[in-house]
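**Student:**
In my numbering, the protein residues as written are 1332 to 1515.
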């Protein structure tokens, strides 16, 4: 756990310093959100002892999110950088981040259920939890677009596509996790 905390702390400090140095407009949104979510994961981990793989994956998602919101490419956050055609960093990141959330949620739900829930029930609950987290992210993006002038979050179509890729990523991760757990 100390290495995880150290890695995340270094990432937060690094992206904060970078963001302030280049006047990145979203530093004070992404850094506090990262800290709040890290504290939430800490308390969940204390309750269920998440696997090291899940914890490191969550740290990687936190770093990717900090990069997406704070790192500037041609004066714009990485999230709006087109990678291939019309596909921006935002879409693959949403897919992976929600997949990681679903993977961790599967561990949490399975442990909290204490064997009283079927694997399909755990899988469905995990997808819904991860999709709900993704929806919360979209609400935060919306609030950011209202509060911060010229916040480019992409509009209604972008939000809907984010929700679709969130659900796809969550579903794929839960299918893989369920097969791993079930031996199939």
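Heads up, the beta-carbon is just placed ideally off N, CA and C, and yes, glycines get one too.
Computed from a predicted model, the values in this text were never measured in an experiment.
Inspect the beta-carbon positions of residue 1408 and residue 1395 and report whether they are closer than 8 Å.
**Tutor:** no
**Student:** According to the Cβ coordinates, are residue 1425 and residue 1493 closer than 8 Å?
**Tutor:** Residue 1425 places its beta carbon less than 8 Å from that of residue 1493.
**Student:** Cβ of residue 1355 within 8 Å of Cβ of residue 1403?
**Tutor:** yes
**Student:** When the distance is taken between beta carbons, is residue 1490 closer than 8 Å to residue 1458?
**Tutor:** no
**Student:** Thinking C-beta only, is residue 1335 closer than 8 Å to residue 1386?
**Tutor:** yes
**Student:** Is the separation between the beta-carbon of residue 1508 and that of residue 1437 shorter than 8 Å?
**Tutor:** yes
**Student:** DSSP puts residue 1407 in a beta bridge; with which residues?
**Tutor:** 1404
**Student:** I'd like the span of the beta strand (DSSP E) that includes residue 1413, first residue to last.
**Tutor:** Per DSSP, the unbroken beta strand (DSSP E) holding residue 1413 starts and ends at 1413–1415.
**Student:** Distance, Cα to Cα, residue 1361 vs residue 1406?
**Tutor:** 17 Å
**Student:** Going by DSSP, name the residue or residues bridged to residue 1418.
**Tutor:** 1415
**Student:** Nearest to residue 1302 by alpha carbon, out of 1342, 1479, 1448 and 1496?
**Tutor:** Any question about residue 1302 goes unanswered here, given that the chain covers just 1332 to 1515.
**Student:** Whole angstroms is fine: what's the gap from residue 1478's alpha carbon to residue 1369's?
**Tutor:** 24 Å
**Student:** My guess is that residue 1435 and residue 1397 are in contact by the Cβ rule of under 8 Å, so how many angstroms apart are they, rounded?
**Tutor:** Their Cβ separation, rounded to whole angstroms, is 18 Å, which puts residue 1435 and residue 1397 out of contact at 8 Å.
**Student:** I need the boundaries of the alpha helix (DSSP H) containing residue 1472, first residue and last residue.
**Tutor:** 1450–1478
**Student:** When we look at the beta-carbon of residue 1346 and count the other beta-carbons within 10 Å, is it buried (16 or more) or exposed?
**Tutor:** buried
**Student:** Rounded to whole angstroms, what is the Cα-Cα separation between residue 1351 and residue 1358?
**Tutor:** 7 Å
**Student:** By DSSP, does residue 1447 sit in helix, in strand, or in coil?
**Tutor:** coil
**Student:** I believe residue 1429 touches residue 1393 by the beta-carbon criterion, under 8 Å. Please report the beta-carbon distance rounded to the nearest angstrom.
**Tutor:** The Cβ separation is near 14 Å, so there is no contact.
**Student:** So residue 1440 and residue 1462 are in contact, right, with Cβ under 8 Å, and what is the actual spacing, rounded?
**Tutor:** Contact annotation, residue 1440 with residue 1462: C-beta distance approximately 14 Å; criterion of less than 8 Å not satisfied.
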